[in-house]
Amino acid sequence: NVTGIGLHSGLPSKVTIWPTKAGIGRIFVRRKKASGDYEALRSSLSSQEAQFEKVDGAFDLDCLGAFHHLPAHISHAEFPARLCTVLASPADGSDKFRFQLTEHLLSALEGCGVHNCVIEHSGPGDELPILDGSAKTWAELIAFAGTADAIDRHPYQLLRPSQPKRCVTVTGDDGAFVSFIPGGGEVRLTCGIDFSHKSSAIGSQWFTHVLHHEKRHGGNDDNHSSRYVQSVSPAKTFCCYEDIDAMKSAGLIKGGGVDNALIADGPTWVNPDMLSFPRDEQARHKVLDLVGDLALIAQGGNCA
31 NVTGIGLHSG LPSKVTIWPT KAGIGRIFVR RKKASGDYEA LRSSLSSQEA
81 QFEKVDGAFD LDCLGAFHHL PAHISHAEFP ARLCTVLASP ADGSDKFRFQ
131 LTEHLLSALE GCGVHNCVIE HSGPGDELPI LDGSAKTWAE LIAFAGTADA
181 IDRHPYQLLR PSQPKRCVTV TGDDGAFVSF IPGGGEVRLT CGIDFSHKSS
231 AIGSQWFTHV LHHEKRHGGN DDNHSSRYVQ SVSPAKTFCC YEDIDAMKSA
281 GLIKGGGVDN ALIADGPTWV NPDMLSFPRD EQARHKVLDL VGDLALIAQG
331 GNCA
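First residue of the sequence shown: 31, per the numbering used here; consecutive thereafter.
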């Protein structure tokens, strides 16, 4: 169990990550008939510090009908989304439900090799807790709980999706782009950012991370999750001080503060003690987000 507040809503929420069988993948669920008594949850968060608790057991898939549920898949991603990744049901009106700010948890699950689990969310809002603005806490709690090979309900072999056959490039605003390039037996993520026009404290940065590496006889490199935990998961979300008023006017960052986001103000940092990687933390965080979003292409318990 993880309890904290949402970055944009400022509302308390609770997440329980349950193990499940191989082939199920990662599924977000919320109980359809919630108790609605969130005062205990709210009062337990007297400060913005997140709280944690280890629970035993597994999620009973036969009870899934009592929950709103969405597989963590790109087909459920909502576009456009405001400064976070949102998974939404296809229904309209009162029947529609969402899970917001999913990218940090999904990044930790993908980076730590957890491909089958049920993510139960509860609280007055639909946003997962921001914690310290990174994926470090999620990754540490996954390690604390422990992982195991998932057992399939059927004796079927689960195969990884094949790599792309050709280069694919997607362009965005202001010259931004993402390219997917076939590359042998590893998943190598390289990110470059340039904030020089807004903050010299951020400036231009590059960072490369190898997420998965295939062993000669199949399977993942045993060290890939530890590399993710050490090099990517501690990188915190960030913003520029000059953008804060605009985000607040848009109804965002109600739960944001110096404890869960790095704030750049021209050549300096408002909260430099929060930095984990002074030279390139912002590029690392972009890789963290990318891992979480790429996790949405995983199917049937495979990694992305």
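Glycine residues also receive a C-beta, built at the ideal position from the N, C-alpha and C atoms.
No experiment lies behind these values; they were computed from the predicted model shown.
Check whether residue i and residue j have beta carbons under 8 Å apart
{"i": "E140", "j": "V321", "result": "yes"}
{"i": "F207", "j": "T220", "result": "no"}
{"i": "S23", "j": "H98", "result": "Summary: the structure shown does not reach residue 23, with the chain confined to residues 31 through 334, and so no result is reported for it."}
{"i": "H103", "j": "L326", "result": "yes"}
{"i": "L37", "j": "N290", "result": "yes"}
{"i": "C270", "j": "S229", "result": "yes"}
{"i": "F225", "j": "A313", "result": "no"}
Residue from the options whose Cα sits closest to the Cα of residue i
{"i": "D156", "options": "I35, P49 and A291", "result": "I35"}
{"i": "P49", "options": "D273, D182, T199 and V148", "result": "V148"}
{"i": "L161", "options": "E133, H145 and T177", "result": "E133"}
{"i": "S152", "options": "F129, M277 and A169", "result": "F129"}
{"i": "G281", "options": "V32, T33 and L41", "result": "L41"}
{"i": "H227", "options": "A96, G95, D204 and G214", "result": "D204"}
{"i": "L352", "options": "K126, F127, P154 and I172", "result": "Residue 352 lies beyond the stretch modelled for the chain, which goes from 31 to 334, so this question has no answer here."}
{"i": "P159", "options": "I57, T238, K284 and A178", "result": "K284"}
{"i": "F58", "options": "L100, D90, G95 and D92", "result": "L100"}
{"i": "S177", "options": "T33, S255, M304 and D122", "result": "Reading off the sequence, residue 177 comes out as Thr, not Ser. Residue S255 is the option with its Cα nearest to T177."}
{"i": "L113", "options": "D303, V288 and A276", "result": "A276"}
{"i": "H106", "options": "E272, A121, D92 and G214", "result": "A121"}
Cα-Cα separation, residue i to residue j
{"i": "Q235", "j": "T298", "result": "16 Å"}
{"i": "G330", "j": "A52", "result": "8 Å"}
{"i": "K44", "j": "G55", "result": "21 Å"}
{"i": "G296", "j": "G222", "result": "19 Å"}
{"i": "V240", "j": "G233", "result": "24 Å"}
{"i": "Q187", "j": "A328", "result": "For Q187, the predicted model reports a pLDDT of 48, less than 50, meaning its position is unreliable; a value from the coordinates is still stated below. When rounded, the distance between both Cα atoms is 16 Å."}
{"i": "L131", "j": "V116", "result": "6 Å"}
{"i": "S293", "j": "D86", "result": "For clarity, residue 293 is Ile in the given sequence; the question names Ser instead. Computed Cα separation, rounded: 38 Å."}
{"i": "D92", "j": "T33", "result": "26 Å"}
{"i": "K63", "j": "G95", "result": "11 Å"}
{"i": "L305", "j": "E311", "result": "7 Å"}
{"i": "A111", "j": "F174", "result": "32 Å"}
{"i": "F307", "j": "R218", "result": "20 Å"}
{"i": "R257", "j": "G214", "result": "20 Å"}
{"i": "V272", "j": "D182", "result": "A quick correction: the sequence has Glu, not Val, at residue 272. Looking at the two C-alpha atoms, the distance is approximately 51 Å."}
{"i": "D303", "j": "I274", "result": "20 Å"}
Endpoints, alpha helix (DSSP H) assigned at residue i
{"i": "K316", "result": "E311 to L324"}
{"i": "T199", "result": "Run containing T199: none in the alpha helix (DSSP H); it sits in the beta strand (DSSP E), V198 to T201."}
{"i": "L139", "result": "E133 to G141"}
Residues near residue i by beta carbon distance below 6 Å, same chain, minus five either side
{"i": "A169", "result": "A138, C142, V259 and S263"}
{"i": "T167", "result": "L161"}
{"i": "L14", "result": "Residue 14 lies beyond the residue range present for the chain, which begins at 31 and ends at 334; the question has no answer from this structure."}
{"i": "T46", "result": "N31 and E150"}
{"i": "R61", "result": "F97"}
{"i": "S279", "result": "none"}
{"i": "V11", "result": "Since the first and last residues shown for the chain are 31 and 334, residue 11 lies out of range."}
Cutoff 7 Å; reference residue i; Cβ partners in own chain excluding five residues on either side
{"i": "A88", "result": "W48, P49 and T50"}
{"i": "T368", "result": "What the structure shows of the chain is the stretch from 31 to 334, and residue 368 is not part of that stretch, so it cannot be assessed."}
{"i": "A180", "result": "K51, A52, N146 and G331"}
{"i": "K126", "result": "A118 and S119"}
{"i": "S39", "result": "G155, E157, K284 and G285"}
{"i": "D90", "result": "none"}
N- and C-terminal bounds of the beta strand (DSSP E) containing residue i
{"i": "E150", "result": "C147 to S152"}
{"i": "G222", "result": "E216 to D224"}
{"i": "G34", "result": "V32 to I35"}
{"i": "A118", "result": "V116 to A118"}
{"i": "I293", "result": "L292 to D295"}
Close beta carbons around residue i, own chain, < 8 Å, minus the five adjacent residues each side
{"i": "H315", "result": "S164, A265, K266, T267 and F268"}
{"i": "C197", "result": "S209, F210, I211 and P212"}
{"i": "R309", "result": "Q235"}
{"i": "K195", "result": "P212"}
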